[in-house]
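Position one of the sequence shown corresponds to residue 1 (the UniProt record's numbering), numbered consecutively onward.
The beta-carbon is built from N, C-alpha and C at its ideal position, and this holds for glycine as well.
The next block holds one structure in the form of structure tokens; read it before the comments.
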Amino acid sequence: MFHGSDPLDAIGTVQAPGRDSYRRNSIGGRPDVADRRMSSTNGRFLKRSTAQGALQVRGGIGKSPFSGESEMLTGSSVKLRIGGVCGIYNQSVSVAGERDRLREAFGPNNERKHPDRQAAIRGRRIMDMLSSTQQASPPEEHTIEPRPIRFNITDASPRYWFANDPFRTQFFNALFTTFPPGENFFVRSVVHYRDRIRDPLLLKQINAFAGQEGTHANAHQDHLDILSRQGYTSLERENRYIIDPFLKLANRIAPRFALALTVALEHFTAMLAHQSIARSDLFRDLAHEDFKPLMEWHAAEEIEHKAVAFDVYQQVDGSYRRRIGAMIGATFFMVVLLVPMRMTPLLYRDGVLFNWRTWRDGLSFLYGRQGIFRMPWNHYKQFYRRDFHPWDVQDFDLIRPFRDEYQSGLWLEASRLKRTG
Ligand SMILES: [Fe+2]
Ligand SMILES: [Fe+2]
Numbered sequence: 001m002f003h004g005s006d007p008l009d010a011i012g013t014v015q016a017p018g019r020d021s022y023r024r025n026s027i028g029g030r031p032d033v034a035d036r037r038m039s040s041t042n043g044r045f046l047k048r049s050t051a052q053g054a055l056q057v058r059g060g061i062g063k064s065p066f067s068g069e070s071e072m073l074t075g076s077s078v079k080l081r082i083g084g085v086c087g088i089y090n091q092s093v094s095v096a097g098e099r100d101r102l103r104e105a106f107g108p109n110n111e112r113k114h115p116d117r118q119a120a121i122r123g124r125r126i127m128d129m130l131s132s133t134q135q136a137s138p139p140e141e142h143t144i145e146p147r148p149i150r151f152n153i154t155d156a157s158p159r160y161w162f163a164n165d166p167f168r169t170q171f172f173n174a175l176f177t178t179f180p181p182g183e184n185f186f187v188r189s190v191v192h193y194r195d196r197i198r199d200p201l202l203l204k205q206i207n208a209f210a211g212q213e214g215t216h217a218n219a220h221q222d223h224l225d226i227l228s229r230q231g232y233t234s235l236e237r238e239n240r241y242i243i244d245p246f247l248k249l250a251n252r253i254a255p256r257f258a259l260a261l262t263v264a265l266e267h268f269t270a271m272l273a274h275q276s277i278a279r280s281d282l283f284r285d286l287a288h289e290d291f292k293p294l295m296e297w298h299a300a301e302e303i304e305h306k307a308v309a310f311d312v313y314q315q316v317d318g319s320y321r322r323r324i325g326a327m328i329g330a331t332f333f334m335v336v337l338l339v340p341m342r343m344t345p346l347l348y349r350d351g352v353l354f355n356w357r358t359w360r361d362g363l364s365f366l367y368g369r370q371g372i373f374r375m376p377w378n379h380y381k382q383f384y385r386r387d388f389h390p391w392d393v394q395d396f397d398l399i400r401p402f403r404d405e406y407q408s409g410l411w412l413e414a415s416r417l418k419r420t421g
């Protein structure tokens, strides 16, 4: 069952791909050029090494066999010292073969059974590292592009803009108006670690991610201002006095957790975005014309950038436990708190809070067979896999029509909208 007392014995071959292989291929078959990176990082990380105990490692880089030492720095990075050369490998370390054997030996359910506890803990950390390798990637044409737009949502837009129904409209109002503080939080959490990222493609994606989330926050703030003028003042108050200060505090005192929480919430937004496009008959099509473009635009961009926070997290931390802890917190907020905390004052103002029909239909909309929180169950639970990557869900095809139409100018024309930048 267990292959040697040292987890790295089981790995066999360690290959480090070239710089341009950040866009991973789910099928595998990546280049195995290591020497350039080995020498480019030579010595740079010697001072940063933490004494977590070196492990003997045997294998091959490129076509050359080696034996040397490896040292885990974080859950997702490993330092290799081979001969006189030292290199650090983050997400781009690729471990060829033996992954299943490692999983069998050190997978989540087997860790406790291992006779050597320390080796098992090291094994788990290596599993976390492996989780960030050999992952899926979007198709070649995938790019992330901010598209600043001013929407046609005004004070004259209908109050019950979703299916002409108070409960469902207020659900989306409650959710959408968390985006201004929420998406600014995402940007702060990711940008906080920008200096630690050396991958040029990921750095470019961080900037585009910040641009997209910034424009989303602004668009939803405009909608929130309208709701405040309509008398739904609790939303702005909750943002200002509860949500925003809490998220800013998380950024200040627990930046790693803030990033993990961002990763978890981005999984939620990607999941809801996927849902809203894949089942547009249940979502986008039921929205009033003024709101349809906003939903479509936001959903497409959420799918486009769904892996950015995750990739940053894997490079700077990568802890599986923190990611899962954050997801449990995010789920509690989304599924449990959002409705009672944010929707109750809105429904009270509409005079339907104590109407049993409202709740019967509303709860079935949320948790029923085709409920917004129930339909994406399979998508949601993927996040709990150790080797999860957002692009394991290959949904780029869902946003291709939007991207093409936007590119050609057709989408803006058909929606009667203009870019603001
Ligand atoms: Fe967003
Ligand atoms: Fe996002």
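Distance from the CA of Leu410 to the CA of Asp290, rounded to the nearest whole angstrom, comes to 17 Å. For a cut-off of 8 Å, the C-beta gap from Leu261 to Ala330 is around 6 Å, short enough to register as a contact. Residue nearest to Phe186 within the set Asn164, Ser228 and Ala258 is Ala258 (criterion: CA-CA distance). Ala250 is not bridged by DSSP to any residue. Leu347 is positioned such that its CB atom lies closer than 8 Å to that of Gln170.
Separation of the CB atoms of Gly211 and Pro146 is rounded to 3 Å, and the pair is thereby assigned contact status at 8 Å. Here Phe246 is not near Leu417, since their CB atoms are 8 Å or more apart. Just measuring C-alpha positions, the residue of Val190, Ile226 and Arg284 sitting nearest Ala156 is Ile226. Distances from the alpha-carbon of Ser137 to those of Gln221, Pro390 and Leu412 put Pro390 closest. The beta carbon of Ala174 lies closer than 8 Å to those of Leu235, Leu338, Val339, Arg342, Met343 and Leu346 in the same chain, with the five residues before and after it left out. Distance from the Cα of Arg349 is smallest, within the candidate group Arg159, Gly182, Phe268 and Gly214, for Arg159.
Taking 8 Å as the upper bound for CB-CB distance, His267 and Phe383 are in contact here, some 5 Å apart.
Remark: C-beta atoms of Arg194 and Ile206 approach each other more closely than 8 Å. Phe162 is bridged by DSSP to Ala287. Distances taken from the Cβ of Glu296 to the heavy atoms of ligand 1 include none shorter than 7 Å. Around the Cβ of Tyr320, a 10 Å sphere holds 16 or more other Cβ atoms; the residue is buried.
Between ligand 1 and Glu183, a heavy atom-to-CB distance of less than 7 Å is present. At a threshold of 7 Å, Phe383 does not count as near ligand 2, since its beta carbon sits no closer than that to any of the ligand's heavy atoms.
Less than 8 Å divides the Cβ of His223 from the Cβ of Ile153.
Here Val393 has Ala270, His274, His379 and Gln382 as same chain residues with Cβ atoms under 8 Å from its own Cβ, once five neighbours each way along the sequence are excluded. Distances from the CB of His267 to the heavy atoms of ligand 2 are all 7 Å or more. At least one heavy atom of ligand 1 is found less than 7 Å from the C-beta of Phe179.
Selection Glu301, His288 and Val263 evaluated against Arg323 yields Val263 as nearest (Cα-Cα).
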